[in-house]
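What follows is a short report on a single structure.
Protein chains: 2
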Amino acid sequence: MIKVTDKQSAILNTALKLLVKNGFHNTPMSLIAKEAGVSAGIIYHYFESKDDLIHQLYHEIEVKLSQTLLDQKAEQLEGIALLRQIWLNAYAYYVAHPNETLFLEQYKNSPFYKHWEGSSDETGLLLSRKIEQAITEAKIVELPLIVLYSLTLGVAMALAKQQIAKIIELDDATLQKIADAVCRSVQLV
Amino acid sequence: MIKVTDKQSAILNTALKLLVKNGFHNTPMSLIAKEAGVSAGIIYHYFESKDDLIHQLYHEIEVKLSQTLLDQKAEQLEGIALLRQIWLNAYAYYVAHPNETLFLEQYKNSPFYKHWEGSSDETGLLLSRKIEQAITEAKIVELPLIVLYSLTLGVAMALAKQQIAKIIELDDATLQKIADAVCRSVQLV
DNA sequence: AAAAATCGAATGAACGTTCAATCTAAGCTG
DNA sequence: CAGCTTAGATTGAACGTTCATTCGATTTTT
Numbered sequence: 005m006i007k008v009t010d011k012q013s014a015i016l017n018t019a020l021k022l023l024v025k026n027g028f029h030n031t032p033m034s035l036i037a038k039e040a041g042v043s044a045g046i047i048y049h050y051f052e053s054k055d056d057l058i059h060q061l062y063h064e065i066e067v068k069l070s071q072t073l074l075d076q077k078a079e080q081l082e083g084i085a086l087l088r089q090i091w092l093n094a095y096a097y098y099v100a101h102p103n104e105t106l107f108l109e110q111y112k113n114s115p116f117y118k119h120w121e122g123s124s125d126e127t128g129l130l131l132s133r134k135i136e137q138a139i140t141e142a143k144i145v146e147l148p149l150i151v152l153y154s155l156t157l158g159v160a161m162a163l164a165k166q167q168i169a170k171i172i173e174l175d176d177a178t179l180q181k182i183a184d185a186v187c188r189s190v191q192l193v
Numbered sequence: 005m006i007k008v009t010d011k012q013s014a015i016l017n018t019a020l021k022l023l024v025k026n027g028f029h030n031t032p033m034s035l036i037a038k039e040a041g042v043s044a045g046i047i048y049h050y051f052e053s054k055d056d057l058i059h060q061l062y063h064e065i066e067v068k069l070s071q072t073l074l075d076q077k078a079e080q081l082e083g084i085a086l087l088r089q090i091w092l093n094a095y096a097y098y099v100a101h102p103n104e105t106l107f108l109e110q111y112k113n114s115p116f117y118k119h120w121e122g123s124s125d126e127t128g129l130l131l132s133r134k135i136e137q138a139i140t141e142a143k144i145v146e147l148p149l150i151v152l153y154s155l156t157l158g159v160a161m162a163l164a165k166q167q168i169a170k171i172i173e174l175d176d177a178t179l180q181k182i183a184d185a186v187c188r189s190v191q192l193v
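Residue numbers (this note's numbering), protein chains in the order written: chain V, 5 to 193; chain L, 5 to 193.
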């Protein structure tokens with residue numbers, strides 16, 4: 005178990021905020037240090053390099069996200085209802101955590117992201133298994149899991165980004181309608 | 005009408021390739037110049053700055069994309085058939101132009117992208133009008149245009165990115181099945 | 001007093017941009 | 001058409017800045 009000190013998470017939190025605001029390459033380490041209230045040098049006590057800091061941030065967020073998708077409410081459901089709940093959880097998380105969301109997207113569209121980095125944390129694996137189970141239970145159109153992901157959670161992410169950017173504002177009724185649409189797309193006719 | 009010289013497009017083409025390969029900030033102007041077979045200084049004859057180069061590249065690609073989506077085949081269709089064709093055109097373009105696609109995504113997830121930059125070229129506007137027309141003709145679920153975009157073209161982009169990354173390989177039958185799913189999601193039940 | 005944490009000035013490399021010098025080509029003149 | 005002129009195109013070395021990273025000194029903790 006890695007011990008996360010106050011200072012370390014102060015650095016991570018500040019870095020998240022600044023990296024999203026200014027972009028990865030317009031965020032000097034010195035600025036992160038300043039805003040986090042630490043010296044520039046100490047960052048290198050906790051992280052090997054700027055890249056390492058960014059990678060760790062990514063993993064931290066991925067783990068938190070997995071845990072959120074499969075919450076208590078979702079645990080009790082199965083089949084299409086489970087998928088629907090996971091979708092709503094995903095959307096809620098993205099909207100409630102704009103910095104995390106924008107960071108994930110920027111990371112995944114940067115040369116940092118290696119596609120072979122599959123989620124290796126326990127919750128991530130549990131989530132995958134749950135979803136595969138839901139698919140066999142419900143009448144879902146036969147498509148690769150990753151395609152189903154794009155049709156569902158990918159849409160949630162895209163919408164959340166627009167909500168974050170204040171391009172759209174979705175009331176609950178509209179959100180339910182979209183959830184319906186998403187479920188309809190993957191269900192067998 | 006801006007005259008595009010050979011040298012200018014050589015710079016743009018090379019820049020596209022390198023920016024996608026190395027990321028915006030790991031691509032020095034000097035490298036672009038070298039690979040394009042020109043001197044570093046001349047880039048500043050055609051472009052105000054590195055940022056300007058990137059912005060121009062973006063606009064060039066956006067225009068080409070708009071033109072591709074509304075091709076001759078699509079022009080003759082209407083309603084849901086039109087939407088389906090546009091979707092297939094989008095997917096085909098993305099897969100056939102990996103560099104352009106990855107560039108668009110990197111750009112849109114970087115601080116370069118300002119959300120208020122609506123497509124101002126003629127084809128883009130024509131495309132918007134055509135799509136709105138298709139929506140009124142077909143029985144489409146009542147959702148903001150931008151939400152419908154995420155449910156359809158957004159999915160095409162996401163899938164294409166995975167195909168480009170060699171994560172998936174979609175045969176034509178599967179692609180048709182996905183197009184069905186996408187159309188199903190936006191059609192009224 | 002030993003070890004760990006922290007500081008922040010210094011280092012050195014990378015890179016966007018500039019500019020004086022050179023080259024190219026097209027126009028002009030006799 | 002040869003010679004002259006000139007404006008634009010092109011070069012690449014040099015500049016100045018930014019920034020990730022280092023490290024010896026200092027403080028805090030054990």
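The beta carbon of each residue, even a glycine, is placed where N, CA and C say it ideally should be. Please read these numbers as outputs of a predicted model, since none were measured by experiment.
Just mark residue i as buried or exposed, buried being the case when its beta carbon has 16 or more other beta carbons within 10 Å.
i	result
V/T105	buried
V/E109	buried
V/Q12	buried
L/K170	exposed
L/K7	Confidence at L/K7 is low in this model, with a pLDDT of 48, below 50, so the placement of that residue should be treated as unreliable; the coordinate-derived value is given next. By the 10 Å Cβ count, L/K7 comes out exposed.
L/R133	exposed
L/V193	exposed
V/T31	buried
V/L57	buried
From the options, pick the residue whose C-alpha is nearest to that of residue i; which is it?
i	options	result
V/A100	V/A78, V/K118, V/I84 and V/Q166	V/Q166
V/N103	V/V193, V/T18 and V/E126	V/T18
L/L157	L/I47, L/Y48 and L/L69	L/L69
L/Q71	L/I58, L/K54, L/I90 and L/G83	L/I90
L/H59	L/F107, L/D176 and L/V186	L/F107
V/N26	L/P115, L/M161, L/Y48 and L/L149	L/P115
V/G41	V/L16, V/E52 and V/D184	V/L16
L/D75	L/G128, L/A177 and L/I172	L/G128
V/L130	V/L147, V/E146, V/L35 and V/V67	V/V67
L/Q137	L/Q180, L/D176 and L/L86	L/L86
L/K118	L/I135, L/H63 and L/S154	L/H63
V/E82	V/F28, V/I144, V/D55 and V/Y95	V/I144
V/S123	V/V151, V/T140, V/A94 and V/I65	V/I65
L/L179	V/M161, V/I172, V/I168 and V/L155	V/L155
Which residues in chain L have a C-beta closer than 7 Å to the C-beta of residue i? List them in chain order.
i	result
V/H29	H29
V/E104	What V/E104 touches in chain L: nothing, since even the nearest Cβ is about 14 Å away.
V/T18	Those do not exist, as V/T18 stays about 18 Å from chain L at its closest Cβ, beyond 7 Å.
Run down chain V in chain order and give the residues with a C-beta less than 7 Å from the C-beta of residue i.
i	result
L/A162	S154 and G158
L/P148	I172
L/H59	Residues of chain V passing the Cβ test: none, with the nearest at roughly 15 Å.
L/H119	A169 and I171
Going along chain V, which residues have a C-beta under 8 Å from residue i?
i	result
L/R188	R188, S189 and V193
L/A142	Simply none; closest approach about 14 Å.
Considering only residues of the same chain and omitting the five flanking positions on each side of residue i, which have a CB-CB separation below 8 Å?
i	result
L/I182	V159, L163 and L174
Starting from the C-beta of residue i, find all residues in its chain whose C-beta is less than 7 Å away, skip the five residues before and the five after it, and write them out in chain order.
i	result
V/M5	Annotation note: pLDDT 36 at V/M5 (below 50); position unreliable, no value reported.
L/I84	A142, C187 and Q191
V/M33	A44, I47 and K54
What does residue i touch in chain L if you count any residue whose Cβ is under 8 Å from its own?
i	result
V/I182	L147, V151 and L155
V/E109	N113
V/T9	Ordered by position in chain L, no residue passes the 8 Å Cβ test against V/T9, which lies about 30 Å from the chain.
Is residue i near the ligand NAP, going by C-beta to nearest heavy atom under 8 Å?
i	result
V/Q191	In the structure on display, the ligand NAP does not appear, and there are no ligands present to speak of.
Please return the same chain residues whose Cβ sits closer than 6 Å to the Cβ of residue i, not counting the five positions on each side in sequence.
i	result
L/V24	N103, L106 and F107
L/L152	V190
*Jot down the residue ranges of each uninterrupted alpha helix (DSSP H) in the stretch 67-110 of chain V, minimum 4 residues, whole runs only, in chain order.*
76-79 and 83-100
*Could I get the ranges of all uninterrupted alpha helix (DSSP H) runs contained in the stretch 102-180 of chain V, with 4 residues as the minimum, in chain order?*
102-112, 126-141, 149-155 and 157-168
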